[in-house]
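In terms of this note's numbering, the first sequence has 344 at position 342, counting the first letter as 1, and numbering is strictly consecutive.
From the three backbone atoms N, C-alpha and C, an ideal C-beta is built for every residue, glycine too.
None of these values were measured; they are calculated from a predicted model.
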Amino acid sequence: MSPTEPTNPGDDPALLTLQSEMDKRFDPSTYEQVWQRRWAAAGVFAVEAAADRPSFCIMIPPPNVTGKLHIGHALQSTLQDLLVRWHRMRGENALWLPGTDHAGIATQLMVERQLEKEGTSRKAIGRAAFLERTWEWKREYHGNIRTQLDLLGASCDWTRERFTLDEGLSQAVREAFVRLYREGLITRGEYMVNWSPVLETAVSDLEVETKTVQGKLYHVSYLIEGEPAEGGERITVATTRPETMLGDMAVAFHPEDERYAHLLGKAAILPLIGRRLPFVPDEMVDREFGTGLVKITPFHDPNDFEVAKRHGLAGISVIDKTGRMTAEAGADFAGLTREDARTKVVERLRALGHLVKVEEHTHNVGHSQRGGEAIEPLVSTQWFCDVSGMAGQALAAVQDGRLRLVPDTWDKTWEHWLGSIRPWCISRQLWWGHQIPAWYTADGRTIVALDEEEAVRLAGVAGAEELTRDPDVLDTWFSSALWPFSTLGWPEQTADLRTFYPTSVLITAHDILFFWVARMVMAGLHFTGEVPFSAVHLTGLVRDADGVKMSKTKGNVLDPADLITEYGADAVRFTLASLDSPGRDIPLNPEQIAGYRAFGNKIWNATRFALARIPEGAQVRVSLDDFRGADLAAPERWILSRLSATAAEVNAKFESFRFDEACNRLYHFFWGELCDGYIELAKPALLGTDADRKLRPRIGDVLLTVLDRALRMLHPVMPFLTEEVWQRLPGREAIHADTICLAPYPQADLAWIDEGVEGQMAALFETVTRVRALLAETGRERKVGLWTASPVLEAFLGQQQALFATLCRLEVLEISSRAWPTGDGGPEDLVLGIGIKILGAKRGGDEAAERQKLLKEIEKLDAEIERTLAQLADESFLAKAPGPVVEKRRAALAQMEDRRSSLRSSLVG
RNA sequence: AGGCCCGUAGCUCAGUUGGUUAGAGCGCUACGUUGACAUCGUAGAGGUCAGCGGUUCAAGUCCGCUCGGGCCUACCA
């Protein structure tokens with residue numbers, strides 16, 4: 003179902019409420035996208051700049067415009083949406099700004115592949131035509147991202163959607179480039195860069211992945227200059243890349259290596275070529291590795307490049323930008339691929355007797371992150387950005403707390419990377435991207451300007467035709483680095499920028515911490531003087547049920563759209579949020595999603611039950627104050643107490659990014675406390691006679707009020723279901739919100755937290771459990787006696803007698819202030835101050851097994867009592883442990899002893 | 001080579017500044033269904049918290065070492 007389909011009645015904002023009966027069947031597909039359209043049509047998520055409320059803003063990590071959302075996006079989007087919805091409900095001016103990234107290399111590759119299928123190529127059709135094709139491609143796929151975010155229930159403000167190549171962002175990119183250039187932080191120069199021979203572009207250090215590969219170490223002997231070919235002194239150098247020897251210019255040894263000190267001033271003769279290679283002493287050489295001699299290939303190895311610089315050595319390029327040998331490699335090798343050249347060089351060396359030996363050797367080789375091909379270190383002219391100063395600022399921001407990494411285990415990684423940062427190669431030999439705003443004059447000057455007009459002026463030439471624009475584009479991450487403020491209109495001081503910048507939180511996976519997060523922080527601090535966000539929540543990577551990384555080749559990829567179709571978006575969201583525990587990857591098991599779909603079913607049916615069974619006229623109460631002074635029974639006071647405690651906890655957990663714990667709490671509150679607890683306690687009154695109801699005043703109002711608040715608390719995680727169900731609660735109109743999206747998020751009402759009633763109810767629940775367990779063992783006679791020495795508890799039990807009998811389905815329930823006589827054969831137990839006696843019951847079932855079980859339990863108690871006695875006899879414990887801890891132990895001891903004696907009595911019978 | 005994370009029930013994971021007899025979901029066992037929900041309810045089984053040592057009155061939690069797994073960073077030709 004397309005969310006942009008205009009004909010659906012859901013598009014009419016006047017129809018925001020719905021009144022139909024709840025279907026018995028829980029089926030998220032019947033309402034999820036209906037709500038997404040209604041919210042969009044009503045403009046629920048569009049915000050105004052400069053509102054008189056606190057702002058909250060999250061920038062989406064822009065996905066590739068032509069891409070598809072994967073499960074990791076679903077996780078991040080869920081968490082972002084959860085936070086935005088939570089803040090929106092707290093009355094803040096909450097903006098979640100969506101957008102997409104042009105993703106230079108990835109997108110260009112896709113279009114190139116398409117061209118290839120058509121039998122043509124990028125170079126054949128030319129730059130202008132290629133870019134037009136790519137824009138077409140972008141327009142075609144652009145809607146996908148929104149469709150998928152809609153499926154998930156994302157509450158983005160689509161009126162503010164941005165794209166990294168749109169006009170505003172392009173202007174921001176040019177502005178940033180020009181400023182950095184004029185500050186001397188961007189320079190152009192000839193350096194060694196990581197070159198992808200497949201993509202034919204430079205890539206940054208980050209885009210290179212080192213892989214351990216099994217290779218060979220070739221030992222090659224070189225003749226020393228002036229020595230006779232027969233019997234003269236030779237040296238042996240070791241190399242993993244024999245083909246690069248064609249570009250060798252020297253041989254290096256460690257300055258303190260006595261084995262080679264005598265070679266200083268001499269030279270070796272490069273086999274096959276005959277080039278004279280002077281010996282140079284350099285600290286870089288590891289004396290222990292190989293022979294302690296290193297061949298120096300200035301233009302094809304980063305280390306050698308540095309060595310050559312130190313020693314004033316020239317270099318030659320023997321490998322070209324497509325990975326083939328150049329003319330300078332010699333006529334025998336020119337045109338060969340790197341691999342073929344290696345084979346040929348080795349053959350020649352062997353034939354000429356220069357190959358001493360070949361060893362197996364595992365070593366690390368840089369590979370392109372994108373295509374997987376081996377990266378070639380090449381010397382070329384590129385644009386570089388000196389980020390060392392910005393890195394220092396970004397480092398300081400984390401150290402002084404202006405920027406918080408969550409979890410903070412990333413702090414060290416942050417320090418390590420920023421502390422050892424090197425210049426960033428920002429130019430790419432691609433077409434799809436932000437073309438570098440630099441022009442060259444005929445007389446060799448470089449003009450950097452915001453646009454062509456300015457360039458002409460600065461160059462002092464007659465017109466643009468006298469200038470040549472640099473053909474390269476910028477690294478995609480250069481524009482991404484500006485995302486938090488370029489999306490808000492920077493460099494203009496727009497109302498949006500003033501209202502929403504700095505943004506609040508960034509949520510993204512930890513694998514782009516350096517690619518993106520660090521660069522945004524550096525750029526933000528540099529251009530705006532402020533951290534672009536005050537907290538970064540770094541998620542783990544989503545893996546499959548067995549913890550294995552998802553990949554197309556393994557076929558274990560889970561598509562969020564499929565999961566949403568099968569389980570509903572709310573279940574997918576709840577699952578992802580509840581799995582987001584800090585600092586670890588996320589194993590996603592569809593069974594778990596099914597479990598949370600069942601939770602949705604529970605919510606659906608609990609609401610259905612409430613609506614069907616509440617007394618006539620019951621209403622949601624906007625304020626809990628409405629219940630003050632009302633003579634509420636213990637279950638009512640208990641659930642209101644639990645509600646407040648839960649609200650306090652959930653808000654605190656959201657605040658600290660513990661979405662997993664918040665979800666856990668919500669789940670157990672709704673299912674365990676509201677459904678299994680309160681609704682079961684409410685049934686006798688709701689389903690019984692008027693007399694039953696009189697004992698439980700306001701029960702319907704309390705149930706609806708708790709339900710209303712529970713739904714509102716759940717809304718950020720399960721937006722669709724909560725809206726669908728909440729709309730039907732009688733009395734919710736008094737909240738004055740047309741949609742639950744804008745209803746206030748429940749806050750803790752500490753006045754309603756009642757430890758007394760919680761303790762009593764805990765005793766009741768525990769006693770019910772024990773009675774059920776005992777009755778399950780003792781056959782059918784359902785006569786039970788309870789006793790307690792506490793007058794308060796006795797009064798409480800008296801009030802709850804009928805309820806208690808119903809919950810345990812008892813025929814007879816007697817309550818006493820004294821222990822029941824032992825020795826009549828009835829089993830007994832004692833928990834939380836309440837003694838239980840099965841009256842006049844004969845044991846049923848397997849008596850021996852029951853005695854066995856009792857004995858085992860008594861044994862456990864014996865051990866624990868002994869341990870506690872020893873602890874309480876230990877003077878250092880009494881002296882050093884805090885008072886409350888000691889008191890707790892004493893109380894525990896008393897309880898255990900009581901329980902033991904009760905179980906012993908039971909055993910005697 | 002350096003850094004980081006993880007090792008808790010059959011499985012996947014929680015366990016906040018050390019403080020009762022270590023929890024959840026799924027799975028498993030038994031019982032239960034005309035009454036919101038079998039996408040359910042009730043009761044239950046299941047753990048020497050990877051191992052060793054240390055600090056402490058007290059360690060799953062803090063420290064050290066070992067073993068096992070994962071990730072990141074790095075210019076050993």
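* Coarse secondary structure for I641, derived from DSSP in three states -> Along the first sequence, one-based indexing puts residue 641 at 639. Helix.
* I298 and A252 look like a contact to me (Cβ under 8 Å); what is the Cβ gap, rounded to whole Å? -> Here residue 298 refers to the residue found at position 296 when the first sequence is read from its first residue. Here residue 252 refers to the residue found at position 250 when the first sequence is read from its first residue. Between A252 and I298 the Cβ distance is about 4 Å, and since that is below 8 Å, they are a contact.
* the segment 219-228 in contact with the segment 350-359 per 3-pair CB rule at 8 Å -> A contact exists between the segment 219-228 and the segment 350-359.
* Asked: Are the segment 722-734 and the segment 600-613 touching by the rule of at least three beta carbon pairs closer than 8 Å?
  -> yes
* Asked: Can you name the start and end residues of the alpha helix (DSSP H) that A573 belongs to?
  -> If you number the first sequence from 1, residue 573 lands on position 571. Unbroken alpha helix (DSSP H) run through A573: A571 to L581.
* Mind reading off the beta-carbon distance from W88 to I60? Whole number of angstroms is fine, and I expect it under 8 Å. => Here residue 88 corresponds to residue number 86 of the first sequence, with the count starting at 1. Here residue 60 corresponds to residue number 58 of the first sequence, with the count starting at 1. In fact, because the Cβ distance is near 11 Å, the residues do not count as touching under 8 Å.
* **One or two residues paired with L407 in a DSSP bridge** => One-based indexing of the first sequence puts residue 407 at position 405. DSSP, once it has assigned bridges, lists V538 as partnering L407.
* To do: Return helix, strand or coil for V253, following the three-state DSSP convention.
  => Here residue 253 is taken as the residue at index 251 of the first sequence, counted from 1. Note: V253 maps to strand in three-state DSSP.
* Measure the CB-CB distance between F672 and P30 and report whether it falls below 8 Å. => The residue given as residue 672 occupies position 670 in the first sequence. The residue given as residue 30 occupies position 28 in the first sequence. Cβ distance not < 8 Å, so F672 and P30 don't count as in contact.
* Under three-state DSSP, which class holds F58? -> The residue given as residue 58 occupies position 56 in the first sequence. DSSP places F58 in strand when its eight states are reduced to three.
* Own chain residues within Cβ distance below 7 Å of I755, not counting five before or after -> Here residue 755 refers to the residue found at position 753 of the first sequence. The residues are S643, S646 and A647.
* What residues in its chain sit with their C-beta under 7 Å from that of L182, if we drop five residues either side in the sequence? -> On the first sequence, residue 182 is found 180 positions in, with the first residue counted as 1. Taken in chain order, the residues that qualify are I188 and C387.
* **Inter-stretch contact at 8 Å, needing at least 3 Cβ pairs: the segment 206-218 / the segment 299-308** => no
* Asked: Taking the Cβ atom as the reference point for each residue, do S506 and S536 lie within a distance shorter than 8 Å?
  -> Along the first sequence, one-based indexing puts residue 506 at 504. Along the first sequence, one-based indexing puts residue 536 at 534. It is a contact, given that the beta carbons lie within the stated cut-off.
* **Beta-carbon proximity check, E675 vs I641, cutoff 8 Å** => Translated into the one-based positions of the first sequence, residue 675 becomes position 673. Translated into the one-based positions of the first sequence, residue 641 becomes position 639. Going by C-beta atoms, E675 is nearer than 8 Å to I641.
* Pick out whichever of R811, K882 and R906 has its Cα sitting closest to the Cα of K858. => Taking the first residue of the first sequence as 1, we reach residue 858 at position 856. Cα-wise, what sits closest to K858 is R906.
* Asked: Less than 8 Å separating the beta-carbons of P562 and A76?
  -> The residue you call residue 562 lines up with position 560 of the first sequence. The residue you call residue 76 lines up with position 74 of the first sequence. Yes, these two residues count as a Cβ contact at 8 Å.
* Top-ranked residue by Cα proximity to G101, from K119, S79 and E118 -> Numbered from 1 along the first sequence, position 99 holds the residue referred to as residue 101. Taking only the C-alpha atoms, the option nearest G101 is S79.
* M3 - DSSP class collapsed to helix/strand/coil -> Residue mapping note: residue 3 aligns to position 1 of the first sequence, counting from 1. Caution is warranted here: a pLDDT of 37 is assigned to M3, below 50, making its placement in the model unreliable, and the coordinate value is therefore given only provisionally. Looking at M3 - three-state DSSP - the assignment turns out to be coil, as it is neither helix nor strand.
* Kindly indicate which residue of Q38, R27 and V320 has the alpha-carbon position closest to the one of C743. => As a working mapping, residue 743 is identified with position 741 in the first sequence. Of Q38, R27 and V320, the residue nearest in Cα terms is Q38.
* Got a sec? Which residues, its chain only, sit under 6 Å from T470 by beta carbon, not counting five neighbours each side? -> Position 468 of the first sequence, counted from the start, is the residue given in the question as residue 470. So the list reads Y442, once near-sequence residues are dropped.
* **T383 classed as buried or exposed, judged by whether at least 16 other C-beta atoms fall within 10 angstroms** => Along the first sequence, one-based indexing puts residue 383 at 381. With fewer than 16 other Cβ atoms within 10 Å, it is exposed.
* Given a cut-off of 8 Å, decide if R575 and V719 are closer than it, judged by their beta-carbon atoms. => For the purposes of this step, residue 719 is taken as the residue at position 717 of the first sequence. For the purposes of this step, residue 575 is taken as the residue at position 573 of the first sequence. A contact, by the Cβ cut-off of 8 Å.
* To do: For S558, I'd like the list of residues in its chain whose CB is within less than 7 Å of its CB, leaving aside the five on either flank, ordered along the chain.
  => Working through the first sequence from its first residue, we reach residue 558 at position 556. Here the sequence assigns Asn to residue 558, which means Ser is not the residue at that position. Only residues of its own chain outside the window of five on either side were considered, and among them D546, V550 and M552 have a CB closer than 7 Å to the CB of N558, listed in chain order.
* **Reference D564; option with closest CA among K70, P64 and R55** => Counting from one through the first sequence, the residue named residue 564 turns up at place 562. Nearest C-alpha to D564: K70.
* To do: To the nearest angstrom, report how far apart W492 and L432 are at their CA atoms.
  => Residue numbering aside, residue 492 sits at position 490 when the first sequence is read from its first letter. Residue numbering aside, residue 432 sits at position 430 when the first sequence is read from its first letter. Looking at the two C-alpha atoms, the distance is approximately 26 Å.
* Asked: Buried or exposed: where does A620 fall if 16 or more other Cβ atoms within 10 Å of its Cβ makes it buried?
  -> As a first step, residue 620 is located in the first sequence; it is residue number 618 there, counting from the start. When all chains shown are included, A620 counts as buried.
* Given V773 as reference, the closest of L788, G761 and A850 once Cα atoms are compared -> Here residue 773 is taken as the residue at index 771 of the first sequence, counted from 1. Ranking L788, G761 and A850 by Cα distance to V773 puts L788 first.
* Give me the Cα-Cα distance between Q371 and V360, rounded to the nearest whole angstrom. => Indexing the first sequence from 1 puts residue 371 at position 369. Indexing the first sequence from 1 puts residue 360 at position 358. Answer to the nearest angstrom: the Cα atoms are 30 Å apart.
* For L508, which option in S818, F502, V519 and W479 has the closest C-alpha, if you only look at C-alpha atoms? -> As a working mapping, residue 508 is identified with position 506 in the first sequence. Nearest C-alpha to L508: V519.
* Asked: Closest to D633 by CA distance: which of E682, R700 and L171 is it?
  -> Residue 633 sits at position 631 when you count from the first residue of the first sequence. Looking at the Cα atoms, R700 is the closest of the given residues.
* Closer than 7 Å by C-beta to T6: which residues in its own chain qualify, once you throw out the five before and the five after it? Chain order, please. => Working through the first sequence from its first residue, we reach residue 6 at position 4. Residue placement at T6 is flagged as unreliable, the pLDDT there being 40, under the threshold of 50; a coordinate-derived value is accordingly withheld.
* Looking only at C-alpha atoms, which of L274, E258 and H313 sits nearest to E290? -> Here residue 290 refers to the residue found at position 288 of the first sequence. Looking at the Cα atoms, E258 is the closest of the given residues.
* Asked: With 16 as the cutoff for other CB atoms within 10 Å, does E34 come out buried or exposed?
  -> As a first step, residue 34 is located in the first sequence; it is residue number 32 there, counting from the start. E34 comes out buried.
* Asked: Straight-line CA distance for G797 to T808?
  -> Counting from 1 along the first sequence, the entry for residue 797 is found at position 795. Counting from 1 along the first sequence, the entry for residue 808 is found at position 806. Residue 797 is actually Ala in this sequence, not Gly. Going by the C-alpha atoms only, they are around 18 Å apart.
* To do: Could you please give me the residues that DSSP links to Y193 through a beta bridge?
  => Here residue 193 corresponds to residue number 191 of the first sequence, with the count starting at 1. Answer is S382, bridged to Y193.
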